[in-house]
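Numbering (this note's numbering), first residue to last: 771 to 923. Here's the structure we're looking at; comments come further down.
Quick look at the structure:
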(Lines of atoms letter the chains of each structure in order from A and count residues from 1; the text may use other names and numbers.)
(Lines give C-alpha, C1' and ligand atoms only; values in the text may rest on other atoms or scores of the structure.)
Protein backbone atom coordinates (compact mmCIF):
# COMPACT_ATOMS: atom_id res chain seq x y z
CA UNK A 1 0.00 0.00 0.00
CA UNK A 2 2.77 2.49 0.86
CA UNK A 3 4.36 2.06 -2.55
CA UNK A 4 1.06 2.76 -4.25
CA UNK A 5 0.78 6.17 -2.59
CA UNK A 6 4.43 7.22 -2.61
CA UNK A 7 4.21 9.31 -5.79
CA UNK A 8 0.65 10.61 -5.21
CA UNK A 9 1.63 11.80 -1.70
CA UNK A 10 4.05 14.30 -3.19
CA UNK A 11 1.35 15.33 -5.61
CA UNK A 12 -1.25 15.60 -2.85
CA UNK A 13 0.84 18.24 -1.06
CA UNK A 14 0.91 20.22 -4.28
CA UNK A 15 -2.90 20.16 -4.39
CA UNK A 16 -3.03 21.99 -1.06
CA UNK A 17 -0.50 24.59 -2.18
CA UNK A 18 -2.27 25.04 -5.51
CA UNK A 19 -5.66 25.51 -3.84
CA UNK A 20 -4.18 28.14 -1.49
CA UNK A 21 -2.60 29.94 -4.43
CA UNK A 22 -5.83 29.94 -6.42
CA UNK A 23 -7.84 31.18 -3.45
CA UNK A 24 -5.34 33.99 -2.80
CA UNK A 25 -5.25 34.90 -6.50
CA UNK A 26 -9.03 35.28 -6.34
CA UNK A 27 -8.66 37.64 -3.38
CA UNK A 28 -9.71 35.10 -0.74
CA UNK A 29 -7.48 34.97 2.35
CA UNK A 30 -6.03 31.46 2.67
CA UNK A 31 -3.47 29.81 4.96
CA UNK A 32 -1.90 26.41 5.27
CA UNK A 33 -2.51 24.29 8.33
CA UNK A 34 -0.43 21.39 9.61
CA UNK A 35 -1.67 18.82 12.06
CA UNK A 36 -2.44 15.22 12.77
CA UNK A 37 -5.51 13.07 12.28
CA UNK A 38 -6.72 11.33 15.42
CA UNK A 39 -7.79 7.72 15.32
CA UNK A 40 -11.19 6.78 16.70
CA UNK A 41 -9.79 4.09 19.02
CA UNK A 42 -8.19 4.89 22.37
CA UNK A 43 -4.47 4.16 22.36
CA UNK A 44 -4.30 3.80 18.56
CA UNK A 45 -1.00 4.72 16.90
CA UNK A 46 -1.54 7.98 15.02
CA UNK A 47 2.13 8.49 14.09
CA UNK A 48 1.35 8.19 10.38
CA UNK A 49 -1.53 10.65 10.53
CA UNK A 50 0.39 13.90 9.93
CA UNK A 51 -1.22 16.01 7.24
CA UNK A 52 -1.44 19.55 5.86
CA UNK A 53 -4.53 21.22 4.47
CA UNK A 54 -5.71 24.71 3.61
CA UNK A 55 -8.16 27.03 5.30
CA UNK A 56 -9.81 30.04 3.70
CA UNK A 57 -11.80 32.91 5.14
CA UNK A 58 -15.54 33.01 4.48
CA UNK A 59 -16.82 36.54 5.19
CA UNK A 60 -19.18 36.55 8.14
CA UNK A 61 -18.39 32.93 9.01
CA UNK A 62 -14.65 32.65 9.66
CA UNK A 63 -12.08 30.10 8.55
CA UNK A 64 -13.23 27.02 6.64
CA UNK A 65 -11.34 23.87 5.68
CA UNK A 66 -10.39 23.10 2.10
CA UNK A 67 -8.66 19.76 1.61
CA UNK A 68 -8.44 18.73 -2.04
CA UNK A 69 -5.65 16.29 -1.14
CA UNK A 70 -7.96 14.20 1.03
CA UNK A 71 -10.60 14.25 -1.71
CA UNK A 72 -8.01 12.95 -4.17
CA UNK A 73 -6.72 10.37 -1.71
CA UNK A 74 -10.27 9.08 -1.17
CA UNK A 75 -10.73 8.87 -4.94
CA UNK A 76 -7.51 6.86 -5.29
CA UNK A 77 -8.29 4.60 -2.32
CA UNK A 78 -11.88 3.89 -3.41
CA UNK A 79 -11.08 3.92 -7.12
CA UNK A 80 -13.78 6.47 -7.95
CA UNK A 81 -13.99 9.24 -10.54
CA UNK A 82 -14.45 12.93 -9.73
CA UNK A 83 -18.11 12.79 -10.81
CA UNK A 84 -18.70 10.19 -8.06
CA UNK A 85 -16.72 11.96 -5.33
CA UNK A 86 -19.48 14.31 -4.16
CA UNK A 87 -19.66 13.00 -0.59
CA UNK A 88 -15.88 13.42 -0.20
CA UNK A 89 -15.92 16.90 -1.72
CA UNK A 90 -18.72 17.92 0.64
CA UNK A 91 -16.88 16.48 3.63
CA UNK A 92 -13.38 17.83 2.94
CA UNK A 93 -14.49 21.22 1.59
CA UNK A 94 -16.28 23.12 4.36
CA UNK A 95 -16.94 19.86 6.23
CA UNK A 96 -16.47 19.59 9.97
CA UNK A 97 -13.76 16.98 10.36
CA UNK A 98 -13.44 16.75 14.13
CA UNK A 99 -10.67 14.16 13.91
CA UNK A 100 -7.88 16.69 13.22
CA UNK A 101 -5.62 18.38 15.73
CA UNK A 102 -3.98 21.57 14.47
CA UNK A 103 -0.27 21.82 15.31
CA UNK A 104 0.53 24.90 13.24
CA UNK A 105 -1.57 27.42 11.37
CA UNK A 106 -0.21 29.82 8.79
CA UNK A 107 3.31 29.88 10.22
CA UNK A 108 6.62 29.80 8.42
CA UNK A 109 9.96 30.12 10.14
CA UNK A 110 9.10 28.43 13.44
CA UNK A 111 11.43 29.25 16.33
CA UNK A 112 11.32 27.58 19.74
CA UNK A 113 12.34 28.98 23.14
CA UNK A 114 15.12 28.29 23.77
CA UNK A 115 16.07 28.67 20.11
CA UNK A 116 16.99 25.48 18.28
CA UNK A 117 20.60 25.19 17.10
CA UNK A 118 19.58 24.23 13.55
CA UNK A 119 17.70 27.50 12.99
CA UNK A 120 14.04 28.10 12.28
CA UNK A 121 11.89 25.27 10.93
CA UNK A 122 10.06 25.83 7.67
CA UNK A 123 6.97 24.39 9.39
CA UNK A 124 6.24 22.49 12.59
CA UNK A 125 4.32 19.33 11.97
CA UNK A 126 6.53 16.42 13.07
CA UNK A 127 8.24 16.04 16.45
CA UNK A 128 11.54 17.92 16.64
CA UNK A 129 14.62 17.11 18.73
CA UNK A 130 18.30 18.00 18.88
CA UNK A 131 21.21 16.09 20.40
CA UNK A 132 24.42 18.00 21.09
CA UNK A 133 23.18 20.91 18.97
CA UNK A 134 22.37 18.74 15.94
CA UNK A 135 18.81 18.32 14.72
CA UNK A 136 17.63 14.73 14.44
CA UNK A 137 16.05 13.71 11.15
CA UNK A 138 12.44 13.10 12.17
CA UNK A 139 11.82 11.24 8.90
CA UNK A 140 14.58 8.69 9.61
CA UNK A 141 13.46 5.74 11.72
CA UNK A 142 17.13 5.03 12.54
CA UNK A 143 17.74 8.54 13.92
CA UNK A 144 14.39 9.38 15.43
CA UNK A 145 11.57 7.13 16.53
CA UNK A 146 8.36 8.15 18.20
CA UNK A 147 4.77 7.05 18.62
CA UNK A 148 1.78 9.38 18.86
CA UNK A 149 -1.30 8.11 20.67
CA UNK A 150 -4.19 9.60 22.61
CA UNK A 151 -6.85 8.48 25.04
CA UNK A 152 -10.27 9.97 25.56
CA UNK A 153 -10.19 9.26 29.31
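Glycine included, each C-beta is placed from N, C-alpha and C at the ideal position. None of the values given here were measured: they were computed from a predicted structure.
Rounded to a whole number of angstroms, what is the C-alpha to C-alpha distance between residue i and residue j?
| i | j | result |
| --- | --- | --- |
| residue 805 | residue 870 | 7 Å |
| residue 825 | residue 880 | 19 Å |
| residue 901 | residue 888 | 11 Å |
| residue 997 | residue 884 | Absent from the structure is residue 997, since the part of the chain shown begins at 771 and ends at 923. |
| residue 875 | residue 833 | 11 Å |
| residue 849 | residue 807 | 22 Å |
With the cut-off set at 9 Å, would you say residue i and residue j are in Cβ contact?
| i | j | result |
| --- | --- | --- |
| residue 937 | residue 802 | It is not possible to answer for residue 937, since the shown part of the chain is limited to 771 through 923. |
| residue 873 | residue 836 | no |
| residue 882 | residue 898 | yes |
State buried or exposed for residue i, treating a residue as buried only when at least 16 other CB atoms are found within 10 Å of its CB.
| i | result |
| --- | --- |
| residue 838 | buried |
| residue 843 | buried |
| residue 790 | buried |
| residue 840 | buried |
| residue 800 | buried |
Kindly list the residues whose CB is nearer than 7 Å to the CB of residue i, restricted to its own chain and excluding five residues on each side of it in sequence; keep chain order.
| i | result |
| --- | --- |
| residue 892 | 878 |
| residue 777 | Here residue 777 scores only 42 on pLDDT, less than 50, and its place in the model should not be relied on; the value that follows carries that caveat. Excluding residues within five positions, none has a Cβ falling inside 7 Å. |
| residue 919 | 813, 814, 815 and 816 |
In terms of residue numbering, what span does the alpha helix (DSSP H) encompassing residue i cover?
| i | result |
| --- | --- |
| residue 856 | 856-862 |
| residue 878 | Residue 878 -> no alpha helix (DSSP H), and no H or E assigned at all. |
| residue 844 | 838-848 |
Please return the same chain residues whose Cβ sits closer than 8 Å to the Cβ of residue i, not counting the five positions on each side in sequence.
| i | result |
| --- | --- |
| residue 922 | 812 |
Spatial neighbours of residue i within its chain, please: CB distance less than 6 Å, with the 5 preceding and 5 following residues excluded, ordered by chain position.
| i | result |
| --- | --- |
| residue 905 | 888 |
| residue 798 | 826 |
| residue 864 | 834 |
In the DSSP assignment, find the unbroken beta strand (DSSP E) run with residue i in it and report its ends.
| i | result |
| --- | --- |
| residue 899 | Taken as a continuous stretch (DSSP letters only), residue 899 belongs to no beta strand (DSSP E), as it is neither H nor E. |
| residue 820 | 820-828 |
| residue 805 | 800-807 |
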